[in-house]
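Under numbering that gives the first Met the number 0, the sequence shown has 77 at position 78, and the numbering climbs by one with no breaks. Idealized CB from N, CA, C, for every residue including glycine. First up is the structure itself, then whatever we jot down about it.
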Amino acid sequence: MALRFIGIDPDTGGGNCPALWVDAERREIIVQGWVADEATLQECAQRSPRPEDEAVVRIPARMAAQLRKACDVADGTELR
């Protein structure tokens, strides 16, 4: 598996921060973010119960452009 690095939180100091990758072969977006707190987990579970092999993470809205790019890469619509 070869992941394509998309970017990290633009307000980070360079490490241990939210980040995005794309697995183009599997057409999936990989998200590294802050682990959601218990209140967030409970609210999310009201709409979508979380199985043991999934996690809820937070990424800042300032990463919206990077998330859009990751979506475009994953679905093959990125401009070349």
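The stretch 18-26 / the stretch 36-56 touching (three or more Cβ pairs under 8 angstroms): no
Could you check if V34 is buried or exposed, using at least 16 other CB atoms within 10 Å of its CB as the buried criterion? exposed
Endpoints, alpha helix (DSSP H) assigned at W46: The residue you asked about is not Trp; residue 46 is Arg in the sequence shown. Per DSSP, R46 belongs to the alpha helix (DSSP H) from 37-46.
Just the Cα atoms here: how many angstroms apart are R49 and I58? 18 angstroms
Among the candidates I28, G12, C16, whose CA atom is the shortest distance from the CA of D74? For D74, the nearest C-alpha among the options comes from I28.
If you draw a straight line from the alpha carbon of E37 to that of L2, how long is it in whole angstroms? 30 angstroms
Could you give the DSSP three-state label for D74: helix, strand or coil? DSSP places D74 in helix when its eight states are reduced to three.
Of the residues D10, V56, V72, the one placed nearest R39, counting alpha carbons only: Note on residue identity: the sequence assigns Thr, not Arg, to residue 39. Selected option, being the one with the closest Cα: V56.
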